[in-house]
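One structure is given below, encoded as structure tokens.
Protein chains: 2
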Amino acid sequence: MGEMKKDVSLVVIRRLPRYYRYLTELKESGIVRISSKALAEKMQVTASQIRQDLNCFGGFGQQGYGYNVSQLQAAIGDILGLNENHTTIIIGAGNLGRAIANYGSFEKRGYRLIGIFDINPDVVGKVINGITVSHMDTIDEFFQKQKPDIAILTIPKNVAVEVAQKLASLGIRGIWNFSNMDLHMAVEGVEIENVHLSDSLMTLSYKIGKRKGENK
Amino acid sequence: MGEMKKDVSLVVIRRLPRYYRYLTELKESGIVRISSKALAEKMQVTASQIRQDLNCFGGFGQQGYGYNVSQLQAAIGDILGLNENHTTIIIGAGNLGRAIANYGSFEKRGYRLIGIFDINPDVVGKVINGITVSHMDTIDEFFQKQKPDIAILTIPKNVAVEVAQKLASLGIRGIWNFSNMDLHMAVEGVEIENVHLSDSLMTLSYKIGKRKGENK
DNA sequence: TAGATTGTTAATCGATTAACAATC
DNA sequence: TAGATTGTTAATCGATTAACAATC
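Taken in order, these protein sequences are the chains called P and S.
Take 92 as the starting number for the first sequence in the working numbering and just add one per residue.
Take 92 as the starting number for the second sequence in the working numbering and just add one per residue.
Pasting the structure below:
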């Protein structure tokens with residue numbers, strides 16, 4: 092009731108999936124409990140950081156014992172919204188769009204793909220992973236019947252803003268954006284997560300170059 | 092001579108590709124000069140940050156004038172190693188591997204794909220974007236003739252460590268890792284850039300969930 | 001010259017790490 | 001109980017922002 096807990100910093104949030112990953116692995120290998128110290132060693136972070144991060148969301152541990160692996164894993168999954176059964180659509184059935192459509196692992200985490208859209212007549216009508224690609228023209232109609240939560244944008248950057256605004260007007264809740272263009276400025280009221288693959292590759296090539304020039 | 096300039100922080104490096112992107116766009120639309128203030132507004136960051144970031148690498152601007160767009164763009168491209176003509180190989184010709192192989196934009200930035208490897212007999216021998224998929228068994232041989240700089244790992248996580256170590260032993264310089272597993276602990280002397288797509292999606296679903304619960 | 005804008009130093013803010021009392 | 005380990009407060013470190021003299 093009116094509790095005014097301060098927003099958890101995004102740097103903390105971005106570490107949660109990594110905790111989730113390690114905890115899932117521990118759980119699968121049958122480990123029941125783990126201390127922040129042991130987990131920290133495994134993940135190469137400090138135990139302090141783990142305890143601080145977790146305590147943004149509540150006390151999941153127990154003094155003298157540590158954390159129950161599967162309990163903590165479930166709690167983090169919950170924080171991340173993995174139990175909310177998000178529905179997704181893919182806009183752009185090019186190489187990347189098709190790759191994501193065929194990628195099974197997201198389904199396991201509770202993301203359900205319910206539509207694929209494109210404007211290219213060569214791909215509209217094709218079936219990808221059991222879903223028939225629809226023309227973008229039919230997207231209004233689609234939203235009248237279904238309310239997808241997340242749109243996955245795998246389209247060229249020159250049309251990204253236009254499409255994002257269209258989706259926003261239809262009431263999409265989040266956009267997972269693979270087009271090489273920042274969308275957070277273009278769209279209001281929709282959560283945006285940009286994946287800039289080429290940025291990541293450039294970072295790697297910087298690191299390589301630096302290593303080479305180390306003895307300058 | 093022995094100049095001991097401190098390492099530039101990785102948070103700064105990760106902003107460079109974004110600067111590069113905006114400057115390329117400005118350049119393409121014919122803009123010749125820009126001030127840190129104007130660029131900051133466009134990118135929704137502070138002018139201070141831009142000037143601090145750039146000055147990690149030298150003074151690219153001019154008082155009273157600002158920055159020459161194409162000069163600065165070229166300088167950042169240089170820092171990021173975009174003119175070094177990195178050669179790449181893809182390990183894992185699944186959906187994602189094929190998508191990246193077919194993605195043209197990397198070539199434009201000076202990354203040249205020279206090999207694709209897999210172990211699945213169904214894909215070995217197939218031609219993807221002009222390159223015949225080779226069997227992993229032939230990779231030693233391949234490295235004897237060619238020395239690729241970067242390996243793009245699009246393989247299941249259970250074989251990622253093994254393959255990464257193999258590549259390291261062959262002298263790869265960087266690994267762009269798409270398998271859902273951290274590799275920086277497993278491999279010495281190789282630069283690693285992890286792309287955890289599912290981490291990114293989970294971050295998005297957290298953001299959506301938070302928004303929904305805003306009025307609690 | 002006067003105005004604009006940099007490069008850079010200083011101040012602030014936020015994130016990480018260390019320390020330790022509480023407690024299982 | 002004694003030992004272990006948390007949750008949490010305090011100290012440190014690093015990153016961001018503000019300010020301004022230098023200078024084009």
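Positions of the beta carbon are idealized from the N, C-alpha and C atoms, including for glycine.
Item, Value
"Would you list the one or two residues that DSSP bridges to G216/S?", "Partner(s): none; G216/S has no beta bridge."
"Using a Cβ cut-off of 7 Å, pull out every chain P residue sitting near G172/S, in sequence order please.", "S296, Y297, I299 and G300"
"Can you tell me where the beta strand (DSSP E) with T178/P in it begins and where it stops?", "H177 to I182"
"Would you say S291/S faces chain P, with C-beta separation under 7 Å as the test?", "yes"
"To which residues of the same chain is N174/P closer than 7 Å at the C-beta, ignoring the five residues directly before and after it?", "G168 and G201"
"State the start and end residues of the unbroken alpha helix (DSSP H) segment that holds T115/S.", "L107 to E119"
"Does any residue of chain P have a CB that is nearer than 7 Å to the CB of R203/S?", "no"
"Measuring alpha carbon to alpha carbon, tell me which residue in L107/P, E232/P, K248/P and Y113/P is nearest E116/S.", "K248/P"
"Got a sec? Which residues, its chain only, sit under 6 Å from V252/P by beta carbon, not counting five neighbours each side?", "A277"
"Would A192/S pass as a contact of I210/S if the rule is Cβ separation under 7 Å?", "no"
"What does Q135/S reach in chain P if we use C-beta pairs closer than 7 Å?", "M276"
"Taking Cβ positions only, does H226/P come closer than 7 Å to chain S?", "no"
"Provide the residue(s) that pair with F151/P in DSSP beta bridges, ordered along the chain.", "Paired residue(s): none; F151/P is not in a bridge."
"Name the one or two DSSP bridge partners that A242/S has.", "I180/S and I266/S"
"Output yes if chain P places a C-beta closer than 7 Å to the C-beta of L187/S; else output no.", "yes"
"For N193/P, go through chain S and note every residue whose CB falls closer than 7 Å to its CB, in chain order.", "N186"
"Can you tell me which of the three DSSP states N249/S falls into?", "helix"
"Can you give me the C-alpha to C-alpha distance between M134/S and I243/S, rounded to a whole angstrom?", "30 Å"
"Is the region 268-284 of chain P touching the region 146-157 of chain S, taking contact as three or more C-beta pairs under 8 Å?", "no"
"Which residues in chain P sit within 8 Å of S196/S, going by Cβ to Cβ distance?", "N271 and S289"
"What are the boundary residues of the beta strand (DSSP E) that R203/P is part of?", "Y202 to D209"
"Which one or two residues does DSSP pair with Y158/P in a beta bridge?", "I125/P and G152/P"
"Quick check on V99/S: does DSSP put it in helix, strand or coil?", "coil"
"Grab me the residues of V214/P's own chain with a C-beta within less than 6 Å of its C-beta, minus the 5 sequence neighbours each way, in chain order.", "A184 and V224"
"Taking C-beta pairs closer than 9 Å, name the residues in chain P that I241/S reaches, listed in chain order.", "L292, L295, S296 and I299"
"So which residues on chain P does G265/S lean against when the C-beta distance must stay under 8 Å?", "L295, S296, K298 and I299"
"Can you pull the chain P residues whose beta carbon is under 7 Å from the beta carbon of I104/S, in chain order?", "T294 and Y297"
"Determine whether the Cβ of V286/P lies closer than 7 Å to any Cβ atom of chain S.", "yes"
"Counting beta carbon pairs with one atom in the region 104-121 of chain S and one in the region 279-295 of chain P, are three or more of them shorter than 8 Å?", "yes"
"Determine the DSSP secondary structure at N285/S, reduced to helix, strand or coil.", "strand"
"R109/S touches chain P at which residues, Cβ-Cβ below 7 Å?", "D290"
"CB-CB under 7 Å to R106/P, same chain, minus the five flanking residues each way: which ones, in chain order?", "D144"
"When you compare only the Cα positions, how much space is there between E335/S and T137/S?", "Shown here, chain S extends from 92 to 307; a query on residue 335/S therefore has no answer."
"Are F233/P and G206/P close, meaning C-beta to C-beta below 7 Å?", "yes"
"Helix, strand or coil, according to DSSP, for V278/P in the structure here?", "coil"
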